[in-house]
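Novice: Sharing a structure below in structure tokens format, with a few things to ask.
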Amino acid sequence: MPRIGLLGGSFDPIHLAHIALAQAALSHLQLTGVQFIPAAQPWQRRPLQASADQRLDMLRLALAGQERLSINTAELDRGGPTYTIDTVRQLPQDSRYVWLLGTDQLANFCTWHDWQEIVARVDLAVAQRPGSSLQAPPALAEWLTAHGRQLEEIPFEPRQVSASDIRARQAHGDSLHGLVAPAVASYIDAHGLYRDAGSA
């Protein structure tokens, strides 16, 4: 049965660390592919700066030519506040799934709606992010132990890049070279995204 990685996020905008994480997961977890799942309205985040269509356009540009990396638009198609549990309930049953997390997301995983059902339906794999621990929160660690499951680790060199930093750099007129794909940088400029300092 195929094993598919799932990488959810705002992707406002998608950057090179997202792609590097997906590629590391493909290699280390022996995945058939990785699906990027752009959120509609993340309920734990401030309002997004780029529209759904713009974020989807940037994803398509960033993933062009990237073998085994694709886009799953389930959350955008569903609309409204984005809850991961709704997404995993929609997944086809012909594959096994691994939800890919950064350690920053791992730290608050137990605040997600119906997190126990999420981890019952998909495996979890985590990659190091700057300033965050690879250790599972106590409630998650206890659940995994009780169910004979484990948290997989993705060997990944933490990168000092984030979407918020990219937005701030764009607002201040700084170069995005080495942070996003060239086609994404061109798109951001062409559409005047993130130019308002308030978006940082």
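Counted from 1, the sequence shown has number 66 at position 66 by the UniProt record's numbering; the numbering is strictly sequential. For every residue, glycine included, the Cβ atom is placed at its ideal position computed from N, Cα and C. These numbers were taken from a predicted model, which means no experiment stands behind them.
Note down, one range per segment and in chain order, each alpha helix (DSSP H) of at least 4 residues found wholly within the segment 50-132.
Specialist: Whole alpha helix (DSSP H) segments, 4+ residues: 52-63, 74-78, 84-90, 103-107 and 115-121.
Novice: Please go through the same chain and pick out, in chain order, the residues whose beta-carbon is closer than 6 Å to the beta-carbon of Val119, but skip the five residues on each side of it.
Specialist: Taken in chain order, the list of residues that qualify is empty.
Novice: Would you kindly work out how many angstroms separate the C-alpha atoms of Val122 and Gln170, rounded to a whole number?
Specialist: If you take the alpha carbons of Val122 and Gln170, they lie about 36 Å apart.
Novice: Which residues in the same chain have their Cβ closer than 7 Å to the Cβ of Ala40, if we skip the five residues on either side of it in sequence?
Specialist: Contacts found: Ala52, Glu75, Leu76, Arg78, Gly79, Gly80 and Thr82.
Novice: In angstroms, rounded to a whole number, what distance separates the CA positions of Gln116 and Ile85?
Specialist: So the two alpha carbons sit approximately 9 Å from each other.
Novice: Using the Cα positions of Thr145 and Tyr194, report the straight-line distance between them to the nearest angstrom.
Specialist: Taking the straight line from one Cα to the other gives about 44 Å.
Novice: For Arg89, does the count of other Cβ atoms within 10 angstroms reach 16, so buried, or fall short, so exposed?
Specialist: Its Cβ having fewer than 16 others within 10 Å, Arg89 is exposed.
Novice: Measure the Cβ-Cβ separation of Phe36 and Leu61 and say whether it is below 8 Å.
Specialist: The answer is no: Cβ separation not under 8 Å.
Novice: Could you name the residues of the same chain whose beta carbon sits closer than 6 Å to that of Asp114, not counting the 5 residues immediately before and after it, in chain order?
Specialist: Contacts found: Ile85.
Novice: DSSP three-state label for Arg195, please.
Specialist: Coil, per DSSP.
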